[in-house]
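Under my numbering, the sequence shown has 1199 at position 179, and the numbering climbs by one with no breaks.
For every residue, glycine included, the Cβ atom is placed at its ideal position computed from N, Cα and C.
A quick note: this is a predicted structure, and the numbers were derived from the prediction, not measured.
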Amino acid sequence: MRPLPKGIYTPLPCFFKQNENLDLESFVNHLKFIAQAGTIPVISGSAGEAVHLDREERIELIRTARGTLDRIGCSDVPIVAGVGGASTRESIKLARDAAEAGADYGMVIPPGYYAGALIANRDSIKSFFVNIAEASDLPIIIYNFPAVSGGVDMDSDLVVDIIKGSPNICGIKLTCANVGKLTRILAEANSPNFKERYPRRTKDLEFTAIDGFIDFLLPSVAVGAGGAISGLPNFAPKACVKLWDLCQSHDTAKEALELQQLISLADRVQLKMGIHGMKKLLNRQFGYSPVSRRPLPSMSDDLADSMFADPYLQKLLQLEATL
């Protein structure tokens, strides 16, 4: 099994042709761009319009990605695949599909359609993750993103309880930007007593907490964060990897802070644009298809022009070109 490295993860958009069929050519070209820059691909996540994909399309994307990475000399690069579905049963099927297609890790977000019932019964949230992890051949990463899961926001106590429930849960993505929560989870899950009492299925795999935003990477690294999954590396992967590298040493703290500030300001634009806006700007940058599946709207040219002209985004892209 490929290890889960610390560093920068890029959630790949899913590109579509005008008829909304998969645009695998754009997908492959973009995968090469982000992988050769040193980031790890996340496929069929929120940015990848996972909710718009059927099982066969998810499988095709993973198989295409694994084959591409192997062909370009990146056979050691793991694939994280979104495998969360609307039910436990569906999620287990998606996890098994992903394993057979060549993914290395599965990332699971709680379903938001019946969020009220889940929020009212914490045990149901725990059971959702534990049941999937126990039935999955892939190690499972918990995905906490309240904004797209009906407000389900797992606190650190619940997360630790979920980790106790299955040795196949290896990490968490925190798109709630709560550094205190991240600190508490890692302090418990990676303590010697916890690891002895609740060992992971893969013995040498330390529990990892990954930021869901890159704008707080520097402070989170100080408390043990294992990286960031952010849309920004789709535009500037080398600059984001450079920030990660700078965050690893006190000797480069000043330079890390300066780059963190620039990246945070540029990320503000990326966070506002949404998936359809991300595709529109990637179309400007690389010529990829900007099409999203309906009902997602398209972004107007005027709005795309104003976002692409943002001085902080342009400064980051200029830095990217020098790396």
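Looking at Leu1051 and Ala1085, is the spacing between their C-beta atoms short of 8 Å? yes
From Ala1119 to Ser1186, what distance separates their C-alpha atoms? 18 Å
Taking the alpha carbon of Glu1226 as the point to measure from, which residue in Ile1234, Asp1235, Phe1214 and Gly1232 has its own alpha carbon closest? Phe1214
What do you reckon, are the CB atoms on Met1021 and Thr1195 nearer than 8 Å? no
Measuring CB atoms only, is the region 1284–1303 touching the region 1261–1269, in the sense that at least three cross pairs come out at less than 8 Å? no
Exposed or buried, what is Gly1246 when buried is set at 16 or more other beta-carbons lying within 10 Å of its beta-carbon? Its Cβ being crowded by 16 or more others within 10 Å, Gly1246 is buried.
Extent of the continuous alpha helix (DSSP H) to which Leu1114 belongs: Start and end: Thr1108 to Ala1121.
Given this structure, state the Cα-to-Cα distance separating Phe1053 from Pro1257, to the nearest angstrom. If I take the Cα positions, the gap works out to 8 Å.
What separation, rounded to the nearest whole angstrom, lies between the Cα atoms of Glu1040 and Asp1325? 24 Å
So Phe1299 packs on Pro1310, CB below 8 Å; how close in whole Å? The identity of residue 1299 in the sequence shown is Lys, whereas the question assumes Phe. Contact holds; Cβ gap of about 5 Å.
Is it right to say Asn1141 is buried, meaning 16 or more other beta carbons lie within 10 angstroms of its own, or is it exposed? Here Asn1141 is exposed, its C-beta having fewer than 16 other C-beta atoms within 10 Å.
Select from Leu1323, Cys1260 and Val1243 the residue whose C-alpha is nearest the C-alpha of Leu1339. Per the Cα distances, Cys1260.
Three-pair Cβ contact test at 8 Å for the region 1123–1135 versus the region 1094–1110: yes
Do the CB positions of Ile1063 and Ile1082 come within less than 8 Å of each other? Result yes, Cβ atoms of Ile1063 and Ile1082 sit closer than 8 Å.
DSSP three-state label for Gly1247, please. strand
Less than 8 Å between CB atoms is the rule here; does Gly1058 satisfy it with respect to chain D? Looking for chain D here will not work: only one protein chain is present.
Helix, strand or coil: how does DSSP classify Phe1036 here? strand
Look at Ser1240 and Leu1202 and say whether their C-beta atoms are less than 8 Å apart. Yes, these two residues count as a Cβ contact at 8 Å.
Give a yes or no on whether the C-beta atoms belonging to Leu1249 and Ile1230 are separated by under 8 Å. A quick correction: the sequence has Ile, not Leu, at residue 1249. Yes, Cβ-Cβ distance for Ile1249 and Ile1230 is below 8 Å.
Helix, strand or coil at Thr1228 [DSSP, three-state]: strand
Considering only C-alpha positions, which residue in the set Leu1089, Arg1078, Thr1030 and Ile1060 is nearest to Leu1024? Minimum Cα distance to Leu1024 is reached at Ile1060.
Locate the beta strand (DSSP E) running through Ala1101, then write down its first and last residues. Val1100 to Gly1102
Between Ile1295 and Ser1318, is the Cβ-Cβ spacing less than 8 Å? no
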